[in-house]
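**Q**
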Amino acid sequence: MDALMTLLVFIAVLVVLYLFFSVKIVRQGYQYTIEYFGRYTGTATPGFNFFPAFLYRVGRRVNMMEQVIDIPGQEIITKDNAMIQTDGVVFFQVLDAAKAAYEVSDLYVALLNLATTNLRTVMGSMDLDETLSKRDEINARLLSVVDHATTPWGVKITRVEIKDIRPPTDIVNAMARQMKAEREKRANILDAEGDRASQILRAEGLKQSAILEAEGKREAAYREAEARERAAEAEAKATQLVSEAITSGNAQAINYFVAQKYVDAVGKFATSPNAKTILFPVEATQLIGTLGGIGELAKEVMGDNVSPTPPKRRGPFAQDE
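Numbering (the working numbering) for the sequence shown: -16 to 304.
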């Protein structure tokens, strides 16, 4: 009886162990390849999977998440024979676990060597200036080449990025001098353009000033001519009125006209710039006598129609003619 119980317990333990080894629990983000006597038969997805033990076994545990591989630093000779050091990273994701497990022996080593050789090929076909300024183009070309090569492995290359490009020290110094010379050249060009624009604006300003000055002089000349014309018209009008007054027999008009001209002529001597002091002895009686003589002259010309000039009031110092 005891032997029977022991046998049953042993069989139960074997069943439990068999079930334990037959159940496959796959974590999220992974897939397991299942082999039947060494031949691939299927893929275990995340979750609970049952495959009879001893007949089926797990071949490869494949990481299905996006992963990254560092490209170690390496020296590359560019198209113009410049030595540079560069490194980068490759992002990839396994899309087919069976291909990744059985189409390539070591996926990570294969990806690393593939990215390294293609990096040398791409950057070696470019000049130094292109490698420094066209990183996006380098990344795109590497991505296209590496992704095409890894398609049979069930791998998708998502990104390829160049981390650092380090030219030699002497080239860096030469580039710094070149950049400085280029910036000085652009600064000189900007200064010349600014000077040119300033001279153009100054010339335009002088031109406008000359035009405005000429227009001002023309307007002033026009105004002055108009003023002289109006003064001449006024003078002619005054002369006409005096002539009409004389014709009508009024001798006082010609006396006033002649006296005004006489006074104006005397006043011009006082304002002459050639002398600061002028001694001009002129007596009032002589002026009155002159005016009286002109009046008598007018009477003789016009005859008796001229009305006699009324006598003027004599001052206390007046003298008889």
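Each residue gets a CB set at the ideal place from its N, CA and C atoms; glycine is no exception.
DSSP on LEU(-9), reduced to helix/strand/coil?
**A** Residue state, collapsed to three classes: helix.
**Q** Going by DSSP, what residues sit across from GLN76 in a beta bridge?
**A** Partner(s): LYS139.
**Q** Between which two residues does the alpha helix (DSSP H) containing ARG44 stretch?
**A** Note, ARG44: premise wrong, no alpha helix (DSSP H); beta strand (DSSP E) at 39 to 46.
**Q** Please state whether DSSP places ASP287 in a helix, a strand or coil.
**A** Here the model assigns ASP287 a pLDDT of 48, short of 50, so the residue's position is not dependable and the matter cannot be decided.
**Q** How should MET106 be labelled, buried or exposed, when 16 other C-beta atoms within 10 angstroms of its C-beta is the threshold for buried?
**A** That one is buried.
**Q** Near GLY42, what residues of its chain come up, given a Cβ to Cβ distance below 6 Å and the 5 sequence neighbours on each side ignored?
**A** So the qualifying residues of the chain are THR16, GLU18.
**Q** Compare the C-alpha of LEU125 against each of GLU216, SER108, GLN50, GLY137 and name the closest.
**A** That would be SER108, whose Cα lies nearest to the Cα of LEU125.
**Q** Spatial neighbours of PHE4 within its chain, please: CB distance less than 8 Å, with the 5 preceding and 5 following residues excluded, ordered by chain position.
**A** Closer than 8 Å at Cβ, skipping near neighbours: ALA36, PHE37.
**Q** Mark TYR205 as exposed unless 16 or more other C-beta atoms lie within 10 angstroms of its C-beta, in which case mark it buried.
**A** Flag for TYR205 reads exposed.
**Q** What's the C-alpha gap between ALA123 and THR141?
**A** The straight-line gap from Cα to Cα measures roughly 11 Å.
**Q** Tell me which residues share the same chain as VAL6 and place their Cβ nearer than 6 Å to its Cβ, disregarding the 5 neighbours each side in the sequence.
**A** Excluding residues within five positions, the ones whose Cβ falls inside 6 Å are PHE33.
**Q** Do THR69 and ILE145 have their C-beta atoms within less than 8 Å of each other?
**A** Contact flag set, yes.
**Q** Which residues in the same chain have their Cβ closer than 7 Å to the Cβ of ILE60, if we skip the five residues on either side of it in sequence?
**A** Counting only Cβ-Cβ distances below 7 Å, and skipping sequence neighbours, we find MET66, GLY107.
**Q** Helix, strand or coil, according to DSSP, for MET66 in the structure here?
**A** Correct three-state label for MET66: strand.
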